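K.L.:
Number of protein chains: 2
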Amino acid sequence: MPAAARLDDTLAALADPHRRRVVELLRERPRRAGELAEGAGLTAAAMSRHLRTLRRAGLVEETSPDFDARVRVYQLRPEPMVHLLRWLEETERMWSEQLSAFKAHVERAD
Amino acid sequence: MPAAARLDDTLAALADPHRRRVVELLRERPRRAGELAEGAGLTAAAMSRHLRTLRRAGLVEETSPDFDARVRVYQLRPEPMVHLLRWLEETERMWSEQLSAFKAHVERAD
DNA sequence: GATATAGTTGCCGTATGCGTTAAATATTTC
DNA sequence: GAAATATTTAACGCATACGGCAACTATATC
Chain L
72 MPAAARLDDT LAALADPHRR RVVELLRERP RRAGELAEGA GLTAAAMSRH LRTLRRAGLV
132 EETSPDFDAR VRVYQLRPEP MVHLLRWLEE TERMWSEQLS AFKAHVERAD
Chain C
72 MPAAARLDDT LAALADPHRR RVVELLRERP RRAGELAEGA GLTAAAMSRH LRTLRRAGLV
132 EETSPDFDAR VRVYQLRPEP MVHLLRWLEE TERMWSEQLS AFKAHVERAD
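Protein chains in written order, with this note's numbering: chain L, 72 to 181; chain C, 72 to 181.
1) When the Cα atoms are used, what is the spatial distance from residue 142(L) to residue 151(L)?
2) Check the Cβ of residue 162(C) against every Cβ in chain L and list those closer than 7 Å, keeping chain order.
3) With 8 Å as the threshold, decide whether the Cβ of residue 137(L) is near any Cβ in chain C.
4) To which residues of the same chain is residue 90(C) closer than 7 Å at the C-beta, ignoring the five residues directly before and after it?
5) So what's residue 168(C) in DSSP terms, helix, strand or just coil?
6) DSSP three-state call for residue 159(C): helix, strand or coil?
7) Counting contacts by CB-CB distance shorter than 8 Å, is residue 83(C) in contact with chain L?
8) With a threshold of 8 Å between beta-carbons, can residue 91(L) be considered close to chain C, or not?
9) Is any beta-carbon of chain C found at less than 8 Å from that of residue 155(L)?
10) Helix, strand or coil for residue 133(C), going by three-state DSSP, please let me know.
11) Using DSSP bridges, identify the partner residues of residue 144(C).
12) Report back the beta-carbon spacing between residue 155(L) and residue 81(L) to the nearest angstrom; my notes put them in contact at under 8 Å.
13) Cβ closer than 9 Å: which chain L residues qualify as neighbours of residue 79(C)?
14) So, helix, strand or coil for residue 110(L), using DSSP?
15) I want to verify the contact list: residues of chain L whose CB lies under 7 Å from the CB of residue 147(C), in sequence order.
16) For chain C, check one thing: does any of its Cβ atoms lie closer than 8 Å to the Cβ of residue 159(L)?
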């Protein structure tokens, strides 16, 4: 269960608006499952499934407070997003190189 | 058809490994549809669908060279990825703020 | 110990995604 | 103008995603 951090899972997990909403709620602070369900306007069952997806993608981490073991608190795990960030930055970088190469080419042709 | 750039479409488009492969091929240079199909190990038909998806997400742009109108050349369009990048950076930013707030809290408790 | 609370899981129906093969479209080439 | 080339579209099958509701598990409360 050491969090895949594979781009596939990360992107698929983030591709759902409800799950992105969860991420947006969690980036403010950790929250309980029920809180997330309410905040996203979903039933507890539906949210539970989304949380499982996010957990499997390594995007969130689940813990229980010791004062109430029924509750599950979810917290963000940034690693997968950092990984995705890097892939995007690399793409950006190469694209702009491509651009300047093209510009140079045009200028040579002038 | 001015390219949605909505996170939903961007993420869904990038969540497929074949389509990510296309992006990786295109970040080097523009390429013809057939070249992309070969480079990703897909039939022309399958690739055509992926390209449609990428086009609808605004991630690629299609043009035809004037010397052969049968050919379609695809090129990267970074806008949607930049948008996604910003969302991820914002998430990162807020997460680290959350972290330091927590740290400060713990230190106060000491 | 009975009941309430917090969440998860099973099952179902519907919707959507992806690849394949077979046409269809458009344009070049001979 | 007939045959070849580059790519897209159509029709089909299969797998998977998502939500709803009901049942289930585990823990807390009275």
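All C-beta atoms in this analysis are idealised placements derived from N, C-alpha and C, irrespective of residue type, glycine included. Small disclaimer: the values here were computed from a predicted structure and weren't measured.
P.N.:
The short version:
1) A direct Cα-Cα distance of roughly 25 Å separates residue 142(L) from residue 151(L).
2) Correct list: 94, 98, 152.
3) Taking a beta-carbon distance threshold of 8 Å, residue 137(L) does not count as an interface residue toward chain C.
4) Closer than 7 Å at Cβ, skipping near neighbours: 84, 121, 124, 125.
5) Under the three-state reduction of DSSP output, residue 168(C) falls in the helix class.
6) The three-state reading of DSSP puts residue 159(C) in helix, counting H, G and I together.
7) Residue 83(C) counts as touching chain L.
8) Yes, residue 91(L) lies at the interface with chain C (some Cβ there is under 8 Å from its Cβ).
9) Yes, residue 155(L) counts as interfacial toward chain C.
10) Correct three-state label for residue 133(C): strand.
11) Looking at the DSSP output, residue 144(C) bridges to 103(C), 134(C).
12) So it is a contact: roughly 5 Å between Cβ atoms.
13) Those within 9 Å of residue 79(C) in chain L are 86, 87, 88, 91.
14) In the structure shown, residue 110(L) falls within a helical segment according to DSSP collapsed to helix, strand and coil.
15) Ordered by position in chain L, the residues that pass the 7 Å Cβ test against residue 147(C) are 166.
16) Interface criterion met: the Cβ of residue 159(L) is under 8 Å from a Cβ in chain C.
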